[in-house]
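*Asks:* In our numbering, the protein residues as written are 44 to 101. A virtual CB, placed ideally from N, CA and C, is assigned to each residue, including glycine. Keep in mind that this is a model prediction, so the values were computed, not measured.
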């Protein structure tokens, strides 16, 4: 598994860090941990400004 970090592009806030096989799975994992079914349920106000998904090396 790879380790990803998801940030809000405008604020720079780190929203999630964890392991996932790919960036889309990382978005799903972040959403699930926040109580949503998957990334498509993330509210628009969180998506506004964009989400940056970056693979980090540990």
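Under 7 Å Cβ to Cβ from residue 23, same chain only, skipping five residues before and after it: list those, please.
*Replies:* An answer regarding residue 23 cannot be provided, because it is not within the stretch 44 to 101 covered by the chain.
*Asks:* Report yes if the C-beta distance between residue 63 and residue 56 is below 7 Å; otherwise report no.
*Replies:* Taking 7 Å as the Cβ cut-off, residue 63 and residue 56 do not qualify as a contacting pair.
*Asks:* Is residue 69 buried or exposed, if buried means 16 or more other CB atoms sit within 10 Å of its CB?
*Replies:* Under this definition residue 69 is a buried residue.
*Asks:* How should residue 37 be labelled, buried or exposed, when 16 other C-beta atoms within 10 angstroms of its C-beta is the threshold for buried?
*Replies:* In the structure as shown, the chain begins at 44 and stops at 101. Residue 37 is therefore absent and cannot be evaluated.
*Asks:* Measuring only the C-alpha atoms, how far is residue 46 from residue 58?
*Replies:* Going by the C-alpha atoms only, they are around 14 Å apart.
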